[in-house]
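Number of protein chains: 2
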Amino acid sequence: MKVDISVFDTTLRDGTQGEGISLSAEDKVKIALKLDQLGVHYIEGGNPGSNSKDIEFFRRMRDMKLNAKITAFGSTRRKNSQADQDTSLVRIVESGVRAATLVGKSWDFHVTTALQTTLEENLAMIYDSFAFLKRRGLEAIYDAEHFFDGYKHNPEYALACLRKAAEAGADWIVLCDTNGGTLPNEIYEIVSRVAKEIDKPIGIHTHNDCELAVANTLAAVQAGARQVQGTINGYGERCGNANLCSIIPNLQLKMGLRCVSDEQLGQLTSVARYVSEIANAVMPVGQPYVGNAAFAHKGGIHVSAILKDPKTYEHVQPELVGNQRRILVSELAGQSNIIHKAQEMGLDISSGNERARAVIEKIKTLEHEGYSFEGADASLELLLRDAFGEQTQIFKLESFKMLVEKSDGRLVSEAIVKIDVDGDIVYTAAEGNGPVNALDNALRKALVQYYPEIMNIALTDYKVRVLDEKDATAAKVRVLIETTDFKNTWSTVGVSDNVIEASWEALVDSFRYALMNCKKTPAAQEDKREQLGIVNH
Amino acid sequence: MKVDISVFDTTLRDGTQGEGISLSAEDKVKIALKLDQLGVHYIEGGNPGSNSKDIEFFRRMRDMKLNAKITAFGSTRRKNSQADQDTSLVRIVESGVRAATLVGKSWDFHVTTALQTTLEENLAMIYDSFAFLKRRGLEAIYDAEHFFDGYKHNPEYALACLRKAAEAGADWIVLCDTNGGTLPNEIYEIVSRVAKEIDKPIGIHTHNDCELAVANTLAAVQAGARQVQGTINGYGERCGNANLCSIIPNLQLKMGLRCVSDEQLGQLTSVARYVSEIANAVMPVGQPYVGNAAFAHKGGIHVSAILKDPKTYEHVQPELVGNQRRILVSELAGQSNIIHKAQEMGLDISSGNERARAVIEKIKTLEHEGYSFEGADASLELLLRDAFGEQTQIFKLESFKMLVEKSDGRLVSEAIVKIDVDGDIVYTAAEGNGPVNALDNALRKALVQYYPEIMNIALTDYKVRVLDEKDATAAKVRVLIETTDFKNTWSTVGVSDNVIEASWEALVDSFRYALMNCKKTPAAQEDKREQLGIVNH
Numbered sequence: 001m002k003v004d005i006s007v008f009d010t011t012l013r014d015g016t017q018g019e020g021i022s023l024s025a026e027d028k029v030k031i032a033l034k035l036d037q038l039g040v041h042y043i044e045g046g047n048p049g050s051n052s053k054d055i056e057f058f059r060r061m062r063d064m065k066l067n068a069k070i071t072a073f074g075s076t077r078r079k080n081s082q083a084d085q086d087t088s089l090v091r092i093v094e095s096g097v098r099a100a101t102l103v104g105k106s107w108d109f110h111v112t113t114a115l116q117t118t119l120e121e122n123l124a125m126i127y128d129s130f131a132f133l134k135r136r137g138l139e140a141i142y143d144a145e146h147f148f149d150g151y152k153h154n155p156e157y158a159l160a161c162l163r164k165a166a167e168a169g170a171d172w173i174v175l176c177d178t179n180g181g182t183l184p185n186e187i188y189e190i191v192s193r194v195a196k197e198i199d200k201p202i203g204i205h206t207h208n209d210c211e212l213a214v215a216n217t218l219a220a221v222q223a224g225a226r227q228v229q230g231t232i233n234g235y236g237e238r239c240g241n242a243n244l245c246s247i248i249p250n251l252q253l254k255m256g257l258r259c260v261s262d263e264q265l266g267q268l269t270s271v272a273r274y275v276s277e278i279a280n281a282v283m284p285v286g287q288p289y290v291g292n293a294a295f296a297h298k299g300g301i302h303v304s305a306i307l308k309d310p311k312t313y314e315h316v317q318p319e320l321v322g323n324q325r326r327i328l329v330s331e332l333a334g335q336s337n338i339i340h341k342a343q344e345m346g347l348d349i350s351s352g353n354e355r356a357r358a359v360i361e362k363i364k365t366l367e368h369e370g371y372s373f374e375g376a377d378a379s380l381e382l383l384l385r386d387a388f389g390e391q392t393q394i395f396k397l398e399s400f401k402m403l404v405e406k407s408d409g410r411l412v413s414e415a416i417v418k419i420d421v422d423g424d425i426v427y428t429a430a431e432g433n434g435p436v437n438a439l440d441n442a443l444r445k446a447l448v449q450y451y452p453e454i455m456n457i458a459l460t461d462y463k464v465r466v467l468d469e470k471d472a473t474a475a476k477v478r479v480l481i482e483t484t485d486f487k488n489t490w491s492t493v494g495v496s497d498n499v500i501e502a503s504w505e506a507l508v509d510s511f512r513y514a515l516m517n518c519k520k521t522p523a524a525q526e527d528k529r530e531q532l533g534i535v536n537h
Numbered sequence: 001m002k003v004d005i006s007v008f009d010t011t012l013r014d015g016t017q018g019e020g021i022s023l024s025a026e027d028k029v030k031i032a033l034k035l036d037q038l039g040v041h042y043i044e045g046g047n048p049g050s051n052s053k054d055i056e057f058f059r060r061m062r063d064m065k066l067n068a069k070i071t072a073f074g075s076t077r078r079k080n081s082q083a084d085q086d087t088s089l090v091r092i093v094e095s096g097v098r099a100a101t102l103v104g105k106s107w108d109f110h111v112t113t114a115l116q117t118t119l120e121e122n123l124a125m126i127y128d129s130f131a132f133l134k135r136r137g138l139e140a141i142y143d144a145e146h147f148f149d150g151y152k153h154n155p156e157y158a159l160a161c162l163r164k165a166a167e168a169g170a171d172w173i174v175l176c177d178t179n180g181g182t183l184p185n186e187i188y189e190i191v192s193r194v195a196k197e198i199d200k201p202i203g204i205h206t207h208n209d210c211e212l213a214v215a216n217t218l219a220a221v222q223a224g225a226r227q228v229q230g231t232i233n234g235y236g237e238r239c240g241n242a243n244l245c246s247i248i249p250n251l252q253l254k255m256g257l258r259c260v261s262d263e264q265l266g267q268l269t270s271v272a273r274y275v276s277e278i279a280n281a282v283m284p285v286g287q288p289y290v291g292n293a294a295f296a297h298k299g300g301i302h303v304s305a306i307l308k309d310p311k312t313y314e315h316v317q318p319e320l321v322g323n324q325r326r327i328l329v330s331e332l333a334g335q336s337n338i339i340h341k342a343q344e345m346g347l348d349i350s351s352g353n354e355r356a357r358a359v360i361e362k363i364k365t366l367e368h369e370g371y372s373f374e375g376a377d378a379s380l381e382l383l384l385r386d387a388f389g390e391q392t393q394i395f396k397l398e399s400f401k402m403l404v405e406k407s408d409g410r411l412v413s414e415a416i417v418k419i420d421v422d423g424d425i426v427y428t429a430a431e432g433n434g435p436v437n438a439l440d441n442a443l444r445k446a447l448v449q450y451y452p453e454i455m456n457i458a459l460t461d462y463k464v465r466v467l468d469e470k471d472a473t474a475a476k477v478r479v480l481i482e483t484t485d486f487k488n489t490w491s492t493v494g495v496s497d498n499v500i501e502a503s504w505e506a507l508v509d510s511f512r513y514a515l516m517n518c519k520k521t522p523a524a525q526e527d528k529r530e531q532l533g534i535v536n537h
């Protein structure tokens, strides 16, 4: 596939500068794999010179086969030193990446005020650093920091910085609107000039301080830029970076410039929502293209026109970006994800089917209560199986009790569960590292006699999202649990205004799903029953 | 004051089409008064032809003396009818406004598909409706719906619609990008053509479906538009309307076009936050110009440069829009952020200071354990005060116990706390809506005798973030709590591998911060002590 515009994602680096965005090495690996599916061309993973979490990320990515290039980030060498002795540059090489981005000054004011060095030394820092990367065989990208402010202040010096990087062999010259204060017409004019002066492919990196980051990126492309840098959902410092979730469809659907395949574009919405879940950052309901309300129609006139022809109030078809039309206060809202899932499972979910109608109604009600099945495939599957008459319950809850006690600085979490397994009442207790872990342990202890397979599964992820945050400690929460049997991985959901109950729900779904296809072993030997606390019902 | 660009606010009309935005007549009155203070020139209050809430709003506004003009909204007359018998038009006149906006079709496809009438009849509808308003002495504004799509499809018909309105006496011709799908360069080109063809002042009304509404508005102004329509915080259907909170400062601070006075611009942030409160819509933390993070600095290099000169990483001075600079404290920062915070508090944190070194070491350790002070100013302040020898502890924990029990489908959350308040042992219990709410209730109950002020604070936000998610249910969690006393708002943090303990920590910090400057009242009367469960230590 011929690509017109190269997409450089910096969610994992510049995105984490956003307030409240903090990603573990494990989170970063997961997001990188998703970004690769989306088809971005570069994934900037972090700064191996600044923290060990990023070193760990690069180590884990080394053996993965991706289409995207993983890139490391750093600065040009320190003033008055040598590039090959610069720890930050050496770490980039050690990280094993094939491509790296170095940020370097291009605004004279920044050189003298922030770096506190001479204009000549800054040029030498740029030259030496890129020459070093090229000697080590890396693809090298120059992020010219504050380029537009620098150009407005001293165009000749700003251009001299770009020329130095080009001379040293930099493969891309990326113009950064670091402070986000430049207007689209200025961007267009300045990028046009650079494209004439510099004989290297040009990239654009903008920030959203004037709510113009997307427009500025498009203006740069119209002036000749061939690489766009940005983040998923526009995460980033202050007002964020340019939002790739808007830039990619604008370039591809509006300007006819190919970035990713049509199939990949169709995954945009799910990637955006996935990253928002991992980053634990609520996505604005009206986020362009991928938001839940991006194609939602409320006004009565709008709705009736939409029913005549969606083009009347939709600028593109929602399916092109993997989103869907929603008609608010209407029975016609699309449930295509459910229908899709049911078809995958071989269930007849056609509109004439009574069970299908009932389960769709039930799912709507649950979603209204705060459930979200987007990240909880296993809970959705259990719901569908139940609705179609399959028996997936493995036990009936009689009661659980969860106690956390802190006294004399000691903290104890204890859970007591009482369940009914096919007529056997099992009553047991366990401690844990925190209340949910205690529940997990107690429930396994109760089930292991019947389902020894339960010891072969492990919970791999636990997320809590507070819904309606303004209700504070009485707010409803949604818990997502991810589980693996080391062959497959599945996710389940629970919702309650009690975090313990929500966790319990997700936990029970996870175990039900795991054991769905397991045969229950005969009840324990008579002589062991008493010792295990099992009585007949 | 000479105004270059007229600001037309439609928060109260088009803004309420946004998902989750619903305003009572009382809310609308409050917001209108704020908008008038901000200095907008037109306030579109609603559609008196469509609902009684809007009629009530116009009734209440009739006697208020505002600088802004209150305007009513409606459509051109129905097809095949007479303007002076059109209920919607008559209601506009009855509402007592001096100015009104009528939306009318200008895209041939919409005339035939949505209206299902002829192109000629639509022109007559436009002419008759504006002629009617002008005969009744109103200032009349034509919102040409889907003008840009219409122009691209059939430019001559689109222009004919504008000419009809102008001929009938319309005072403003407003070009609407109703579906939000047009690019800035297209807007510029089309508005330039209209400005040549139509001899009336031109306005622009855009939607944000491509994340380009602000850029499109600026492009139209550059092409000759003299009125900008939009909403506070960009509320509106689907992805929202053009955001006036970004447009006004861009026009005034970046393009040198006067919209409001400097003093009024300085109220922008407080107006934006006020409207967000009334509309009960959470404002994105990184919203340009007015968001809480719009001038927040996190990266260590950024922070050290900001301390040298704020211009290094700020495109405008935050005070110009009534916002303020914030230095976030986080893992990505060096020490300059903490130093800035301490300086704000008047503490001597110079590098020679032993206490300063110790507290910085402590903060680093805590951050390594998962604490994050970037969103927890109050916890950081308590930490600094403690380190500098201030006494901010209000009680000593003896023990707490937290019980969640589910049995027969009933769920109960109960907390028992035992604390030592200056030698008095207080032992009490409370139920709650979930475990953290129970702890909150029990702790207040224990403290209210000594600090009655505790009943005047409310928790407004509760967030849980799971750290190291792969440890699943045994993972460490970070809890953030936001609290208000209805004058100030503060945030606190707690970290533990036990969600209950992390919540407890954040809760205790919140109460400590609230009560820091309160005097403890004498212990309860002797005769009440027993009843309250207080014993001497």
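Sequence order for the protein chains is A and B.
Quick note on numbering: the UniProt record's numbering labels position 118 of the first sequence as 118, and the sequence is numbered without any gaps.
Quick note on numbering: the UniProt record's numbering labels position 16 of the second sequence as 16, and the sequence is numbered without any gaps.
Don't be surprised by glycine CBs; every beta carbon is placed ideally from N, CA and C.
It should be emphasised that the depicted structure is a prediction, and the values quoted were computed from it without experimental measurement.
{"Check": "Taking M125 of chain A as part of the alpha helix (DSSP H), name the residues at either end of that continuous run.", "Outcome": "L119 to R135"}
{"Check": "How many angstroms separate the CA atom of E353 of chain A from the CA atom of A387 of chain A?", "Outcome": "Checking the displayed sequence, the identity of residue 353 of chain A turns out to be Asn instead of Glu. For N353 of chain A and A387 of chain A, the distance between alpha carbons rounds to 12 Å."}
{"Check": "In terms of alpha-carbon separation, which member of A:Y42, A:T392, A:D27 and A:G20 lies closest to D9 of chain A?", "Outcome": "A:Y42"}
{"Check": "Jot down the residue ranges of each uninterrupted alpha helix (DSSP H) in the region 343-406 of chain B, minimum 4 residues, whole runs only, in chain order.", "Outcome": "354-368 and 377-387"}
{"Check": "Return the bridge partner residues of C176 of chain B from the DSSP annotation.", "Outcome": "B:H205"}
{"Check": "For E331 of chain A, which residues of its own chain have a beta-carbon under 6 Å away from its beta-carbon, when the five flanking residues on both sides are left out?", "Outcome": "The predicted position of E331 of chain A is uncertain, since its pLDDT is 30 and thus under 50; no value can be drawn from it."}
{"Check": "Listed from N- to C-terminal order along the chain, which residues in the region 441-465 of chain A have their beta-carbon within a distance smaller than 7 Å of any beta-carbon of chain B?", "Outcome": "L459, T460, D461, Y462, K463 and V464"}
{"Check": "What's the call for E197 of chain B, buried or exposed, on a 16-neighbour Cβ count within 10 Å?", "Outcome": "exposed"}
{"Check": "Of the residues that make up the region 388-404 of chain A, which ones have a beta carbon closer than 8 Å to any beta carbon in chain B?", "Outcome": "L397, E398, S399, F400, K401, M402, L403 and V404"}
{"Check": "Can you tell me whether DSSP reads Q229 of chain A as helix, strand or coil?", "Outcome": "strand"}
{"Check": "From K79 of chain A to D108 of chain A, what does the alpha carbon distance come to, in whole angstroms?", "Outcome": "15 Å"}
{"Check": "Enumerated in chain order, which unbroken segments of the beta strand (DSSP E) with a length of 3 residues or greater are wholly contained in the region 222-307 of chain B?", "Outcome": "227-230"}
{"Check": "Measure from the alpha carbon of L443 of chain B to the alpha carbon of each residue in B:K396, B:D177 and B:E405, then state which is nearest.", "Outcome": "B:K396"}
{"Check": "Any chance you could list the alpha helix (DSSP H) runs of at least 4 consecutive residues sitting entirely within the region 408-490 of chain A, in chain order?", "Outcome": "435-447"}
{"Check": "Checking contacts by CB at 7 Å: is K298 of chain B closer than that to chain A?", "Outcome": "yes"}
{"Check": "Determine the DSSP secondary structure at T182 of chain B, reduced to helix, strand or coil.", "Outcome": "coil"}
{"Check": "Scan the region 214-235 of chain B for residues whose Cβ lies nearer than 9 Å to a Cβ of chain A and list them as they occur along the chain.", "Outcome": "V214, A215, N216, L218, A219, Q222, G234 and Y235"}
{"Check": "If you draw a straight line from the alpha carbon of T118 of chain A to that of S261 of chain A, how long is it in whole angstroms?", "Outcome": "46 Å"}
{"Check": "Can you tell me whether R238 of chain A is buried or exposed, with buried defined as 16 or more other CB within 10 angstroms of its CB?", "Outcome": "buried"}
{"Check": "First and last residue of the alpha helix (DSSP H) that includes T101 of chain A?", "Outcome": "Element bounds for T101 of chain A: not the alpha helix (DSSP H) but the beta strand (DSSP E), A99 to K105."}
{"Check": "Which residues of chain B have a Cβ atom closer than 7 Å to the Cβ of N185 of chain A, listed in chain order?", "Outcome": "Q222"}
{"Check": "I500 of chain B versus chain A: which residues are under 7 Å apart at the beta carbon?", "Outcome": "V404 and P435"}
{"Check": "Go ahead and label K406 of chain B buried or exposed: buried means 16 or more other beta carbons lie within 10 angstroms of its beta carbon, across all protein chains shown.", "Outcome": "buried"}
{"Check": "Taking the beta carbon of K308 of chain B as the centre, do at least 16 other beta carbons fall within 10 Å, making it buried, or is it exposed?", "Outcome": "exposed"}
{"Check": "What residues are listed by DSSP as bridge partners for T492 of chain B?", "Outcome": "B:I481"}
{"Check": "With burial defined as no fewer than 16 other Cβ atoms inside 10 Å of the residue's Cβ, what is the status of F147 of chain B: buried or exposed?", "Outcome": "buried"}
{"Check": "When the distance is taken between beta carbons, is D485 of chain A closer than 7 Å to I457 of chain A?", "Outcome": "yes"}
{"Check": "Would you call residue 541 of chain A buried or exposed, if buried means 16 or more other Cβ atoms sit within 10 Å of its Cβ?", "Outcome": "Since the first and last residues shown for chain A are 1 and 537, residue 541 of chain A lies out of range."}
{"Check": "Quick check on V329 of chain A: buried or exposed, where buried means 16 or more other Cβ atoms within 10 Å of its Cβ?", "Outcome": "The pLDDT assigned to V329 of chain A is 44, lower than 50, so where the model puts this residue is not dependable; a value taken from the coordinates is nonetheless given after this. It counts as exposed."}
{"Check": "Is the beta carbon of S491 of chain B sitting closer than 7 Å to the one on A342 of chain B?", "Outcome": "no"}
{"Check": "Comparing C-alpha positions only, which one of A:M61, A:A242 and A:V3 sits nearest to E26 of chain A?", "Outcome": "A:M61"}
{"Check": "Which residues in chain B have a C-beta closer than 7 Å to the C-beta of S246 of chain A? List them in chain order.", "Outcome": "C210 and E211"}
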